[in-house]
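Here my numbering is used: the sequence shown runs in plain steps of one and ends on residue 134.
Take a look at the structure below.
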Amino acid sequence: MKTFKEYTRDYKAEYKKHQSSPERIKYRAELVKYNRDKGTYGNGDGKDASHKDGKIVGFEGQSKNRGRAEASRLKGSKRKVEEAKQGHALVVGGKIVARGPKSQLMKKIKKDKIKIDHKKNFLTLTGKEVGDSW
């Protein structure tokens, strides 16, 4: 089972691995050059060079350009299925006693007067079910 620390993203490592490769640097430089040549770089119009199928095809809104569905965002994606299993769980004495939204679990902690100590009693993000041992 992964710990919370293993679930947190290391953005610096991701950048180093993907965005700093010579191909990605060249690709971004090409987009910036296109924006500068068209006079839209840094003018605050909210438009960005659109890149579809690896080619620059014009301009579109920045958020739309970054929010296009990719493989990991599509229905049935393996990543989505794995993430769907994840949820907040309340661990008390080494056993998962409840699962649900964080706000609901916080109410249970307050109602049952559970003392959170981050070793035996804590909230976590997990795919395990109620009754499983931690």
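We put the CB at the ideal spot given by N, CA and C, even for glycine.
Predicted, not measured: the structure shown is a model, and the values here were computed from it.
{"query": "Whether S96 touches D45 by CB criterion (8 angstroms)", "result": "The displayed chain sequence assigns Ile, not Ser, to residue 96. Not a contact, by the Cβ cut-off of 8 angstroms."}
{"query": "Separation of D53 from F59, as counted between CA atoms", "result": "14 angstroms"}
{"query": "Whole-angstrom distance between A98 and K120, CA atom to CA atom", "result": "14 angstroms"}
{"query": "Beta-bridge partners of I96, as assigned by DSSP", "result": "V91"}
{"query": "Own chain residues within Cβ distance below 6 angstroms of A89, not counting five before or after", "result": "I96, R99, T124, T126"}
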